[in-house]
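Single-structure report; data block below.
Protein chains in written order, with the working numbering: chain D, 1 to 240; chain F, 1001 to 1135.
This is the structure we're talking about:
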């Protein structure tokens, strides 16, 4: 049974997702941030679809569980394309976009293969469902690693575009909170009922809200010194 | 074992991302100077704001009409200020360097709220001036 807080989060995330799409369209930046735009459209559709399935079949139905995990895996994969586009923007002048694309495709395939190998050892008939759940967990962690490497590159290359910096950091918060949540769920299943069940919806609402904020308040020309932003260890590394 | 490793790495990354995200919001306000008026209202000398003035500044900001564009910033900076407070208290005996860093971050948070207050006061003045000219 869902409470009012769940409905508020669903509505908030849908509004923020729609807002980002409209905002990018109005500012004629839809193609500049194409993968982000596609992700937001997909996330908005999933939010509406999820609400529909929830209304008709209930939160404990297998249809809702299937929909939740399958769409979650697909959305996470589309987020990989968002990360790739950010890598492309950061390494634009170095012309290494081709290598970044290949590395990302390799990483994605490796994650899928690793998840399959893990699931194959499990004594279960429901191989596909387990594979999707396992892959989602692994994709979140790979997302953390990729975003962290991207952030390291932003700091190292002294990237100053405030908009890009904030987009990357918001993505990092999203991936790391979800990855930590999945890991904690495996370690302490008892935490699920009171605490962990709130993390994915909160993170899922935070990301479109943070991106909506960035596209509204931060202009494309805004610049920021990365040394002022990076957490102490990275900043110290940059100065050395 | 793998889950524990993923958990530790993810939480460490989350902290680092959140700190950098909060600092990116605060950094944009660092360049702004405080007006004479806000310094008088808060009782600040020069451009330095004490970290302990954060609570008072937040109370003052609640009294001003909302400009509507700084609520999210204030919430994130509020969480960051609280986090730095916890870090400062826990690291006091173990790592004095971390304590002084956390204190500097808290001062930046307070400065951020002072700048936001300054903008709200200016906004209120404009509103008042518009009403007066309308009458």
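The C-beta atom is built at its ideal place from N, Cα and C for all residues, glycine as well.
- Per DSSP, residue 1053 (chain F) lies in no alpha helix (DSSP H) segment and is marked neither H nor E.
- Of all C-beta pairs linking the region 210-228 of chain D to the region 1014-1028 of chain F, three or more are shorter than 8 Å, placing the two stretches in contact.
- CA-CA distance, residue 14 (chain D) to residue 47 (chain D), rounds to 6 Å.
- Counting other Cβ atoms within 10 Å of its Cβ, residue 165 (chain D) reaches 16 or more and is therefore classed as buried.
- Listed in chain order, the non-local C-beta contacts of residue 57 (chain D) below 8 Å within the same chain comprise 63, 64, local neighbours out to five positions each way being set aside.
- With distances taken between CA atoms, residue 195 (chain D) lies nearest to D:180 out of D:180, D:39, D:103.
- What residue 177 (chain D) touches in chain F, judged by beta-carbon distance under 7 Å, is 1014, going in chain order.
- What residue 166 (chain D) touches in chain F, judged by beta-carbon distance under 9 Å, is 1021, 1024, 1025, going in chain order.
- Runs of alpha helix (DSSP H) with 4 or more residues, each lying fully within the region 110-170 of chain D, are found at 127-156, listed in chain order.
- Distance from the CA atom of residue 1127 (chain F) to the CA atom of residue 1063 (chain F), rounded to whole angstroms, is 15 Å.
- By the neighbour-count definition (other C-beta atoms within 10 Å, threshold 16), residue 1069 (chain F) is an exposed residue.
- For the region 1105-1122 of chain F, the set of positions with a beta-carbon nearer than 9 Å to some beta-carbon of chain D is empty.
- Residue D:67 holds the alpha-carbon nearest to the alpha-carbon of residue 52 (chain D) among D:42, D:39, D:67, D:132.
- When the Cα atoms are used, residue 1074 (chain F) and residue 55 (chain D) turn out to be separated by approximately 36 Å.
- By the C-beta criterion, the region 173-187 of chain D is judged to be in contact with the region 203-223 of chain D, since at least 3 inter-stretch pairs fall below 8 Å.
- An exposed status is given to residue 186 (chain D), since fewer than 16 other beta-carbon atoms sit within 10 Å of its beta-carbon.
- Close to residue 114 (chain D), with beta-carbon spacing below 9 Å, lies no residue of chain F; the smallest spacing is near 11 Å.
- Annotation for residue 1101 (chain F): the continuous alpha helix (DSSP H) segment containing it runs 1096-1134.
- Leaving aside the five residues that flank residue 1061 (chain F) on each side, the residues in its chain whose CB is nearer than 8 Å to its CB run, in chain order, 1074, 1113, 1116, 1117, 1120.
- At a cut-off of 8 Å between beta-carbon atoms, residue 1006 (chain F) makes contact with chain D.
- Proximity of residue 1011 (chain F) to chain D, defined by a Cβ-Cβ separation below 8 Å, is satisfied.
- In its chain, beyond the 5 residues on either side, 199, 203 have a beta carbon closer than 7 Å to the beta carbon of residue 177 (chain D).
- At least 8 Å separates the beta-carbon of residue 39 (chain D) from that of residue 90 (chain D).
- By the CB criterion at 8 Å, residue 167 (chain D) and residue 216 (chain D) fall outside the cutoff.
- Residue 228 (chain D) carries a helical assignment under DSSP once its states are collapsed to helix, strand and coil.
- About 17 Å separates the CB atoms of residue 205 (chain D) and residue 143 (chain D); that is not less than 8 Å, and the two are not in contact.
- For residue 1093 (chain F), no alpha helix (DSSP H) run applies, since DSSP gives it neither H nor E.
- A Cβ-Cβ contact shorter than 8 Å links residue 1107 (chain F) with residue 1049 (chain F).
- The shortest C-alpha to C-alpha distance from residue 219 (chain D) to any of D:151, D:17, D:23 is the one to D:23.
- With a beta-carbon spacing of about 5 Å, residue 1087 (chain F) and residue 1102 (chain F) fall inside the 8 Å limit used to define contacts.
- It is roughly 10 Å from the alpha-carbon of residue 188 (chain D) to the alpha-carbon of residue 1003 (chain F).
- At least one beta carbon of chain F lies nearer than 8 Å to the beta carbon of residue 217 (chain D).
- Taken through DSSP and simplified to helix, strand or coil, residue 32 (chain D) comes out as coil.
- Your pair residue 104 (chain D) and residue 84 (chain D) checks out as a contact, with CB atoms roughly 5 Å apart and the cut at 8 Å.
- Annotated as proximal: residue 183 (chain D) and residue 1006 (chain F), with beta-carbon spacing under 8 Å.
- No Cβ-Cβ contact shorter than 8 Å links residue 1054 (chain F) with residue 1080 (chain F).
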